[in-house]
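Enquirer:
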């Protein structure tokens, strides 16, 4: 019988959690309620380790290839926004490319990142659009983070999330995305549908690894 865990799932707070896999000395758990897979909380990296790893990323806001990759999220959002929308790039990293792209399209973007843009003032506002790109897989408290993200939306506001969905258990051990030491939680399409429904949001998977959620009103 699979080992069970006494603590609740960090994504949905469900209690039906079992050991999924042990690999490279790390324990990963699987939630039967929301289908998330996640690293044992005791094995998460420290803030200093996270910062050091993030600084190895090369995400140039002016790099055409990087912009094309981001367009998988920016394009469907820009198609849905009214002119002059107010937005927040949540988890912007050291080079807030999304904010620049939205500004070039005539929108107003604030930025927040707990490491690189930690001023909490933008978290007191409400927005027409909030972006969360390659950030959700780093969340140590996904329930709290998605509660916050939903609360940042105005009525009718859009939340755009891009993260690589976990779809194949057989390939998990050797999956490059898992091997990133700062990636601690992995989502499926059904995970996001549950995240959205619990917060009164609609949920649309607009393409592979890209989800749009919208607040009613």
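Residue numbers (the numbering used here): 872 to 1088.
Glycine is no exception: its CB is placed at the ideal position from the N, C-alpha and C atoms.
Quick caveat, the model's predicted, so the values are computed rather than measured.
Just to confirm my understanding: we take residue 986, look at its own chain, exclude 5 residues before and 5 after, and list those with CB closer than 6 Å. What are they?
Expert: One-based indexing of the chain shown puts residue 986 at position 115. Cβ neighbours of residue 986 beyond the five flanking positions: 922.
Enquirer: Would you say residue 1050 reaches chain D, if we count a Cβ-Cβ gap shorter than 8 Å as a contact?
Expert: Of the protein chains in this structure there is only one, and it is not chain D.
Enquirer: Hey, residue 1055 and residue 909 are a contact pair by Cβ (cut 8 Å); roughly how many whole angstroms apart?
Expert: Reading the chain shown from its first residue, position 184 is the one you call residue 1055. Reading the chain shown from its first residue, position 38 is the one you call residue 909. About 6 Å separates the two Cβ atoms, so the contact holds.
Enquirer: Would the beta-carbon of residue 1015 fall within 8 Å of that of residue 1086?
Expert: Along the chain shown, one-based indexing puts residue 1015 at 144. Along the chain shown, one-based indexing puts residue 1086 at 215. Contact: no.
Enquirer: What number of angstroms, rounded off, separates the C-alpha of residue 1019 from the C-alpha of residue 984?
Expert: The count along the chain shown starts at 1 and reaches residue 1019 at position 148. The count along the chain shown starts at 1 and reaches residue 984 at position 113. Straight-line Cα distance between these residues: approximately 13 Å.
Enquirer: In whole angstroms, what is the alpha-carbon distance linking residue 1088 and residue 999?
Expert: For the purposes of this step, residue 1088 is identified with residue 217 of the chain shown, where counting begins at 1. For the purposes of this step, residue 999 is identified with residue 128 of the chain shown, where counting begins at 1. Their Cα atoms are separated by approximately 12 Å.
Enquirer: With 16 as the cutoff for other CB atoms within 10 Å, does residue 964 come out buried or exposed?
Expert: What you label residue 964 is simply residue 93 of the chain shown in a count that begins at 1. Label assigned to residue 964: buried.
Enquirer: Give the single residue among 935, 943, 961, 937 whose Cα lies nearest to the Cα of residue 1077.
Expert: Reading the chain shown from its first residue, position 206 is the one you call residue 1077. Here the closest residue by C-alpha is 943.
Enquirer: Quick check: the segment 925-941 against the segment 1057-1072, are there 3 or more CB pairs under 8 Å?
Expert: Too few Cβ pairs lie closer than 8 Å, so no.
Enquirer: In whole angstroms, what separates the C-alpha of residue 977 from that of residue 953?
Expert: For the purposes of this step, residue 977 is identified with residue 106 of the chain shown, where counting begins at 1. For the purposes of this step, residue 953 is identified with residue 82 of the chain shown, where counting begins at 1. Going by the C-alpha atoms only, they are around 10 Å apart.
Enquirer: What number of angstroms, rounded off, separates the C-alpha of residue 992 from the C-alpha of residue 1041?
Expert: As a first step, residue 992 must be located in the chain shown, where it is residue number 121. As a first step, residue 1041 must be located in the chain shown, where it is residue number 170. Those two C-alpha atoms are separated by around 43 Å.
Enquirer: Which word fits residue 960, buried or exposed, when buried means at least 16 other C-beta atoms lie within 10 angstroms of its C-beta?
Expert: Against the chain shown, residue 960 aligns to sequence position 89. Label assigned to residue 960: buried.
Enquirer: Going by the beta-carbon positions, is the gap between residue 997 and residue 969 smaller than 8 Å?
Expert: As a first step, residue 997 must be located in the chain shown, where it is residue number 126. As a first step, residue 969 must be located in the chain shown, where it is residue number 98. Their beta carbons are not under 8 Å apart, which means residue 997 does not touch residue 969 by this criterion.
Enquirer: Going by the beta-carbon positions, is the gap between residue 962 and residue 930 smaller than 8 Å?
Expert: Here residue 962 corresponds to residue number 91 of the chain shown, with the count starting at 1. Here residue 930 corresponds to residue number 59 of the chain shown, with the count starting at 1. No, Cβ-Cβ distance for residue 962 and residue 930 is not below 8 Å.
Enquirer: State yes or no: is the C-beta of residue 924 within less than 8 Å of the C-beta of residue 955?
Expert: The sequence position of residue 924 within the chain shown is 53, counting from 1. The sequence position of residue 955 within the chain shown is 84, counting from 1. Contact: no.
Enquirer: Please list, in chain order, all residues of the same chain as residue 1075 whose beta carbon is under 6 Å from its beta carbon, the five residues on each side excluded.
Expert: Numbered from 1 along the chain shown, position 204 holds the residue referred to as residue 1075. Within the same chain, residue 1075 has close Cβ partners 1083.
Enquirer: My output table needs one value for residue 1026: the three-state DSSP class, helix, strand or coil.
Expert: On the chain shown, residue 1026 is found 155 positions in, with the first residue counted as 1. Looking at residue 1026 - three-state DSSP - the assignment turns out to be strand.
Enquirer: Can you give me the C-alpha to C-alpha distance between residue 883 and residue 1039, rounded to a whole angstrom?
Expert: Looking up residue 883 in the chain shown gives position 12. Looking up residue 1039 in the chain shown gives position 168. So the alpha carbons of these two residues sit roughly 21 Å apart.
Enquirer: So, under 8 Å CB-CB, residue 906 and residue 1062 are touching, yes? Tell me the CB distance rounded to an integer number of Å.
Expert: For the purposes of this step, residue 906 is identified with residue 35 of the chain shown, where counting begins at 1. For the purposes of this step, residue 1062 is identified with residue 191 of the chain shown, where counting begins at 1. About 5 Å separates the two Cβ atoms, so the contact holds.
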